[in-house]
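Take the sequence shown: its position 27, counted from the start at 1, is 27 in the working numbering, and no numbers get skipped. A quick write-up on the structure given underneath.
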Amino acid sequence: MTRATGIGSLPGTDYAEAVRMVLGLLPDLAHVPELPDRGVQASMTGRSLGVLADLDADLQPAGWRLTGSQGSPGADHRRARSLLAQDLDVVEELAQDYDGTFKVQVTGPWTLAATVEKPRGDRLLADRGARRELAQALAEGLRTHVADLRRRLPRSELWVQVDEPALPAVMTGRVPTASGFHRHRSVDAPEASPALEWVFEAISSAGAVPIVHCCDADVPVGLLVGAGAAGVSVDLGVLAPAAYDPLAELLEAGGPVLLGVVPSTAPEGTVSAERLTDQVMRFLDMLGLDPDAVGESLVVTPTCGLAGASVDWARQALRLSAEVAGNL
């Protein structure tokens, strides 16, 4: 059976209503909603910093920055941690009877390294030791985070979606330095793999399934699977042909592949479930795969997060995802 889910973010500020919408429209593979409209503490970076173990941060004019000392989180970091805990309380309350798969999202180590600053400025990406410390703190924090979710959702299989939108830019040296005049040096696959391995292993050992979301055209599927990812989430509309064969191998092996096909913001024209279904069928035909054979592994999603959409389109996008999955 092909299923549908969301990428994570939704518009609005009413968290309980967002959870109800997800549970109502995605009965087989719901996700913990993210509502960045509530402020920087609820953004993908702020939310993920709330998961870190033994590292504290504060908010500066240039963005999030590590404090350099444990036990000294800034007010915004404390707020991010508190907000995440409150959100999970709401999920636990409203999902008591839910027994499908549940997905939670966290920003990956390389996207965090390309986003968060060192205590004295510039991105963590510029410092090998800081990058290692961040990845290990994320891995350790995820063990606790997954254990907490398993306690709250005892009837559900858990997936942890590791968001790595910046990974291709990190690997090709496209991340700008703080000054904007230069670029951080590229990180090759052997150097990028260990940080991912620590995070994926922590998720797996805690009893959850690690999935990676990357909406860049050049998703390094082979690297991600080789590092321990059980599945990959991609935007089918921008996906480069180089990723087709690795995705086909992953589907044939039974690994989850989340295909982003529904627009993440309202399009100018009409979008029908039938046309989107045809798009997926053509993709599978191009890969030489039988839809019936890979249906269990295939998941239909919007192309990216829905934070930039209207509430009405977000609801429609999730409904379309579920309808396309039903058609398949």
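In this text, a Cβ means the ideal position worked out from N, Cα and C, and glycines have one as well.
Anticipated Cβ contact below 8 Å, residue i with residue j, distance rounded
i    : j    : result
A325 : P302 : No, A325 and P302 are not in contact; Cβ-Cβ is about 12 Å, not under 8 Å.
D28  : G100 : 5 Å
R154 : A135 : According to the sequence shown, residue 154 is Pro rather than Arg. So it is not a contact: roughly 29 Å between Cβ atoms.
T172 : S193 : At roughly 16 Å, the Cβ-Cβ gap does not stay under 8 Å, so T172 and S193 are not in contact.
W64  : A139 : With a Cβ gap of about 19 Å, W64 and A139 do not count as contacting.
A80  : Q105 : With a Cβ gap of about 14 Å, A80 and Q105 do not count as contacting.
P321 : A30  : Note that residue 321 is Ser in the sequence shown here, rather than Pro. With a Cβ gap of about 12 Å, S321 and A30 do not count as contacting.
Q161 : S233 : 6 Å
S48  : L149 : So it is not a contact: roughly 15 Å between Cβ atoms.
G50  : L88  : At roughly 11 Å, the Cβ-Cβ gap does not stay under 8 Å, so G50 and L88 are not in contact.
S9   : E34  : 4 Å
A202 : E117 : Rounded, the Cβ-Cβ distance is 24 Å, inconsistent with contact.
Own chain residues within Cβ distance below 8 Å of residue i, not counting five before or after
i    : result
D37  : P11, G12, T13 and A307
L94  : A16, V19, R20 and L23
A242 : D218
V175 : A114, R123, L125, A166, A169, R183 and H184
L289 : A248, L251 and E252
G74  : D56, A57, D58, L59 and T67
D188 : M171
E274 : N327
Residue i in three-state terms, based on DSSP
i    : result
V40  : helix
G226 : helix
G255 : coil
S9   : strand
G46  : helix
P241 : helix
R185 : coil
L66  : strand
P190 : helix
E117 : strand
P176 : strand
T101 : strand
L26  : coil
G308 : coil
Q330 : Look at the range of the chain in this structure, 1 to 328, and you will see that residue 330 is not part of it.
G74  : coil
E197 : helix
D54  : coil
E323 : helix
Q96  : coil
S205 : helix
E268 : coil
V221 : helix
L247 : helix
L328 : coil
T14  : First, the residue type needs correcting, since residue 14 is Asp and not Thr in the sequence shown. Coil.
D285 : helix
D292 : helix
Neighbourhood of residue i by C-beta, 6 Å cutoff - its chain only, sequence neighbours within 5 removed
i    : result
L196 : A227
P246 : V221 and G222
A137 : L52, A53, D54 and L55
T2   : G295, L298, A325 and L328
Beta-ladder partner(s) of residue i, from DSSP
i    : result
I211 : Q161 and G231
E34  : S9
Q60  : G63
P3   : Here residue 3 turns out to be Arg, not Pro, going by the sequence shown. Answer is V299.
T107 : D163
G260 : D235 and T301
L88  : Answer is none; L88 lacks a bridge partner.
Neighbourhood of residue i by C-beta, 7 Å cutoff - its chain only, sequence neighbours within 5 removed
i    : result
W313 : T265 and A266
G121 : A178
A147 : A206
P256 : I211, A230, G231, S297 and V299
P291 : M281, L284 and L328
A240 : A217 and D218
S156 : Y98, D99, G100, T101 and F102
Chain C within 8 Å of residue i, Cβ atoms only
i    : result
A195 : Given the protein chain composition of this structure (a single chain), no chain C is represented.
Near the ligand GTP: residue i beta-carbon under 7 Å from a heavy atom
i    : result
V187 : This structure simply doesn't include the ligand GTP, nor any ligand for that matter.
Self-check item: Every unbroken alpha helix (DSSP H) within the stretch 121-159, with a cutoff of 4 residues, ordered by chain
Solution: Taking 4 residues as the minimum length, the alpha helix (DSSP H) runs contained wholly in the stretch 121-159 are 128-152, in order along the chain.
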